[in-house]
Amino acid sequence: DAMVIQNPRYQVTQFGKPVTLSCSQTLNHNVMYWYQQKSSQAPKLLFHYYDKDFNNEADTPDNFQSRRPNTSFCFLDIRSPGLGDAAMYLCATSREGTANTEAFFGQGTRLTVV
Amino acid sequence: AQSVTQLGSHVSVSEGALVLLRCNYSSSVPPYLFWYVQYPNQGLQLLLKYTSAATLVKGINGFEAEFKKSETSFHLTKPSAHMSDAAEYFCAVGSSSGNTPLVFGKGTRLSVIA
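Here is the structure:
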């Protein structure tokens, strides 16, 4: 059974139209991450939550926001998508934030901006 | 700051041949090291991890990696490639001190030729 679930798997949005990607987990993990992965590149961390504490990477554009209303759900909001925001967006969780704990990834949402 | 370098963005091997994917790390503290595999349009799946126990780590699907501190390396190997091993492979490093997310390498795409 899937433990980290991302919806939808594929999302098409219009240039400048706000879009929300969702992630849910059944693992009851403390930490949830959002990564952006462009074609043939490594996943790039956008931000992560440790419980309710939000940690934004320094180079994450203001256009990207996140919400974590409870332990199970986390959302990625892109306020005004540009063509350069087309990518695979990966959600991941880990039990703790320490680096020796495994990160579990969802299958990703591929975002297309038209 | 921590980083990993994956040598070779694309590796091609014949079916049944040895697979060797190279990863070198940089870390000012003892590192935790991971290999993840990503199949097309999927999330990342953990293959194996090194967290300061045995230096030779065995993972899933017949893969293993050896931590060599003197060489700052954590190369991934498999004695005999299968067609199903064709995928993108990412090396990642984490810190043994503090809550810091993983840092991924740029990835190596493995092709397996029949």
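Line by line, the protein sequences give chains E and G.
For what it's worth, the working numbering labels the leading residue of the first sequence as -15, then goes sequentially.
For what it's worth, the working numbering labels the leading residue of the second sequence as 173, then goes sequentially.
Yeah, the Cβ is synthetic: ideal placement off N, Cα and C, and Gly gets one too.
The structure displayed is predicted, hence computed values, not measured ones.
In terms of beta-carbon proximity, residue 231 of chain G stays away from the interface with chain E, with every pair separated by 8 Å or more.
Bounds of the beta strand (DSSP E) holding residue 248 of chain G are 245 to 250.
In the displayed model, residue 69 of chain E falls within a helix according to three-state DSSP.
Taking the C-beta atoms as reference points, residue 286 of chain G is found nearer than 8 Å to residue 187 of chain G. Sequence-distant Cβ neighbours of residue 211 of chain G in its own chain, meaning closer than 6 Å and more than five residues away, are 259. At a cut-off of 8 Å, the C-beta of residue 26 of chain E has a neighbouring C-beta in chain G. Residue 233 of chain G sits in a helix when the DSSP states are folded into three classes.
Counted as a single uninterrupted DSSP element, the beta strand (DSSP E) harbouring residue 260 of chain G occupies residues 259 to 267. In the three-state reduction of the DSSP assignment, residue 256 of chain G falls in the helix class.
For residue 68 of chain E, no chain G residue has a Cβ inside 8 Å of its Cβ, as the nearest lies near 19 Å away. For residue 89 of chain E, the nearest beta carbon of chain G is closer than 8 Å to its own beta carbon.
The straight-line gap separating the alpha-carbon atoms of residue 221 of chain G and residue 8 of chain E is approximately 25 Å.
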